[in-house]
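Have a look at the structure below, then the notes.
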Amino acid sequence: MANVTVIGAQWGDEGKGKIVDWLASRADAVVRFQGGHNAGHTLVIDGKTYKLSLLPSGIVSGTLSVIGNGVVLDPWALRDEVAKVEGQGVSITDENLAIADNCPLILPLHRDLDGLRETAAGKGKIGTTGRGIGPAYEDKVGRRAIRVCDLAHLDTLEPQLDRLCAHHDALRAGFGQPPVDRAALLEELREIAPFVLRFAQPVWKRLKKVRRAGAKILFEGAQGVLLDVDHGTYPFVTSSNTVSGTAASGSGLGPNSTGFVLGIVKAYTTRVGSGPFPTELEDDIGQRLGERGHEFGTVTGRKRRVGWFDAVLVRQSCAISGVTGIALTKIDVLDGLERVKICTGYRLRGKVYDYLPSHAADQADCEPIYEEMPGWSESTAGARSYADLPANAIKYIQRIQELIECPVALVSTSPERDDTILMRDPFVD
Ligand code: IMP
-4 MANVTVIGAQ WGDEGKGKIV DWLASRADAV VRFQGGHNAG HTLVIDGKTY
46 KLSLLPSGIV SGTLSVIGNG VVLDPWALRD EVAKVEGQGV SITDENLAIA
96 DNCPLILPLH RDLDGLRETA AGKGKIGTTG RGIGPAYEDK VGRRAIRVCD
146 LAHLDTLEPQ LDRLCAHHDA LRAGFGQPPV DRAALLEELR EIAPFVLRFA
196 QPVWKRLKKV RRAGAKILFE GAQGVLLDVD HGTYPFVTSS NTVSGTAASG
246 SGLGPNSTGF VLGIVKAYTT RVGSGPFPTE LEDDIGQRLG ERGHEFGTVT
296 GRKRRVGWFD AVLVRQSCAI SGVTGIALTK IDVLDGLERV KICTGYRLRG
346 KVYDYLPSHA ADQADCEPIY EEMPGWSEST AGARSYADLP ANAIKYIQRI
396 QELIECPVAL VSTSPERDDT ILMRDPFVD
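Read left to right, the sequence shown gives residues -4 to 424 (my numbering).
Shown next, in the form of structure tokens:
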């Protein structure tokens, strides 16, 4: 398996950034295939912190970085991010960044609609990142999106914009908002077009060439399987498919190119935004884990909700995404706890479930069934071999492996790239 697909196996924020960066340093190309700048990946390299949202993590190490057609692209956010990362000494050119020319754009009208809907929903809101992700995907599927390739045809863009704006004007009127200023939007697109077009190309063709040359491709997923629009905790999900299968359709390669599927799994659970969370901790332990784990959103700065490890959810994610092995992250956050708990099933109206039922109301009513294990007082932070781990931490990892029915390929013990225990090398296995 020459290629590796990295996906989050929980609700996102599993620590993908570090693992992806570690793998990116050995890949020949890194591909983002879904989501947009709702993602937030933190990389720490040689003590320097990089925060990426839209750019593939390979960009920092100079590896060919590809934004695939499955992504929704906010060109202004991209320009800001490129400027920020270049300001940290990273060179970004059309040699190391390629953007799919069939990638749909996120426009200011999408951000407007995202915000209007969330405000109107009040307590029932999804808790989106407010980046316009959902509305942009709706327009893609509704066949009225403006795509990167349209920026090369500004002379024929007006009728397309009219069609798109007519749709949005009707929605905006419902929220008591004025129609979209078409002339201003066209002018904004005219202004940003040369920046985006510099990187635009049919990336499927570039990837085909890369693949034929025997290169190693790393597919970098964003968010997590439980936020998948089909398989996640619907409707409290993002608007893309976050499962491994999307690596193929979202980049223009076949399903046989995705290779080793590495599911990133945090040693406990977090989620941002609304929606069911059976193992959520609203007590001192949750507070402590949130503080120790720095559980604040990279993109929005929101405090993440925190809970015990849920083996039911991770087993489900691994099955749905065909996970070959997992990377277990942030085990050090559990250091010093007297006891640790793992959810092994749910009790729902007198019945025991070994999976998360599909209906939101059922999901909300699931009561976790826990297995308790002794914790460990020693530090796991910075461990680089299995032998460096306390016996109880090893037992915890082994129990997780059994319950999720999937092997642990590596364990991450700090944000630093080298603080990693490798059991199976995804690029070699
Ligand atoms: P949206 O993707 O902005 O539409 O947000 C939909 C849901 O996905 C919300 O619950 C967000 O908090 C969540 N979400 C989106 N991106 C991320 C991410 O990168 N990490 C964790 N949660 C995310």
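Every residue gets a Cβ at the ideal spot worked out from N, C-alpha and C, and that includes glycine.
Please read these numbers as outputs of a predicted model, since none were measured by experiment.
Is any heavy atom of ligand 1 found at a distance shorter than 6 Å from the C-beta of residue i?
i: aspartate 223; result: no
i: glycine 122; result: yes
i: alanine 34; result: yes
i: threonine 233; result: yes
i: aspartate 360; result: no
i: aspartate 278; result: no
i: isoleucine 128; result: yes
i: glycine 268; result: yes
i: glutamine 393; result: no
i: aspartate 8; result: yes
i: glutamine 218; result: yes
Taking all protein chains shown into account, do 16 or more other C-beta atoms lie within 10 angstroms of the C-beta of residue i, making it buried, or fewer, making it exposed?
i: valine 55; result: buried
i: proline 369; result: exposed
i: valine 136; result: exposed
i: asparagine 251; result: exposed
i: leucine 384; result: buried
i: leucine 149; result: exposed
i: aspartate 225; result: exposed
i: glycine 10; result: buried
i: threonine 151; result: exposed
i: glutamate 362; result: exposed
i: glutamine 282; result: exposed
i: glycine 345; result: exposed
i: serine 372; result: exposed
Can you check which of these residues, the options, is closest to residue i by C-alpha distance?
i: isoleucine 337; options: Pro70, Ile395, Gly31; result: Ile395
i: glutamate 186; options: Arg74, Glu133, Ala115, Asn251; result: Arg74
i: threonine 0; options: Arg283, Ala322, Tyr348, Pro410; result: Ala322
i: alanine 93; options: Gln393, Ile2, Gly82, Gln196; result: Gln196
i: alanine 115; options: Ala386, Tyr365, Gly7, Gln172; result: Gln172
i: threonine 324; options: Ala72, Ser372, Ala(-3), Ile14; result: Ile14
i: serine 20; options: His36, Gln29, Gly57, Arg283; result: Gly57
i: arginine 389; options: Ala131, Ala262, Ala78; result: Reading off the sequence shown, one finds isoleucine at residue 389, where the question assumed arginine. Nearest option by C-alpha distance: Ala262.
i: isoleucine 212; options: Ala242, Val25, Val85; result: Val25
i: aspartate 96; options: Ile392, Arg112, Leu181, Ala140; result: Ala140
i: valine 175; options: His105, Arg27, Asp134; result: His105
i: leucine 146; options: Ala161, Glu182, Tyr132, Pro130; result: Glu182
i: valine 85; options: Gly35, Gly117, Ser52; result: Ser52
Please return the same chain residues whose Cβ sits closer than 6 Å to the Cβ of residue i, not counting the five positions on each side in sequence.
i: arginine 167; result: none
i: glycine 285; result: Val301
i: tyrosine 381; result: Ile416
i: threonine 319; result: Phe255, Val256
Enumerate in chain order the residues of its own chain whose CB-to-CB distance from residue i is below 7 Å, with the five nearest sequence positions on each side excluded.
i: glutamate 367; result: Arg334, Lys336
i: glycine 377; result: Thr408, Ser409, Asp414
i: glycine 110; result: Gly125
i: isoleucine 315; result: Val220, His226, Val238
Which residues in the same chain as residue i place their Cβ atom closer than 8 Å to its Cβ, once the five residues preceding and following it in sequence are excluded?
i: glutamate 76; result: His32, Leu47, Ser48, Leu49, Leu50
i: arginine 193; result: Asp89
contact_flag[the stretch 236 to 248, the stretch 116 to 135] where n(CB pairs < 8 Å) is 3 or more: no
Whether or not the stretch 284 to 301 and the stretch 336 to 352 are in contact is what I'm after, with contact meaning three or more pairs of Cβ atoms, one per stretch, closer than 8 Å; do they touch?
no
**Asked** Just checking, does the stretch 63 to 72 make contact with the stretch 243 to 263 on the three C-beta pairs under 8 Å criterion?
**Response** yes
At least three beta-carbon pairs within less than 8 Å, the stretch 266 to 284 to the stretch 301 to 310:
yes
ask   = Is the stretch 140 to 159 close to the stretch 325 to 345, with three or more CB pairs under 8 Å?
value = no
- prompt: Are the stretch 256 to 270 and the stretch 100 to 109 in contact at 8 Å, needing three or more beta carbon pairs?
  reply: no
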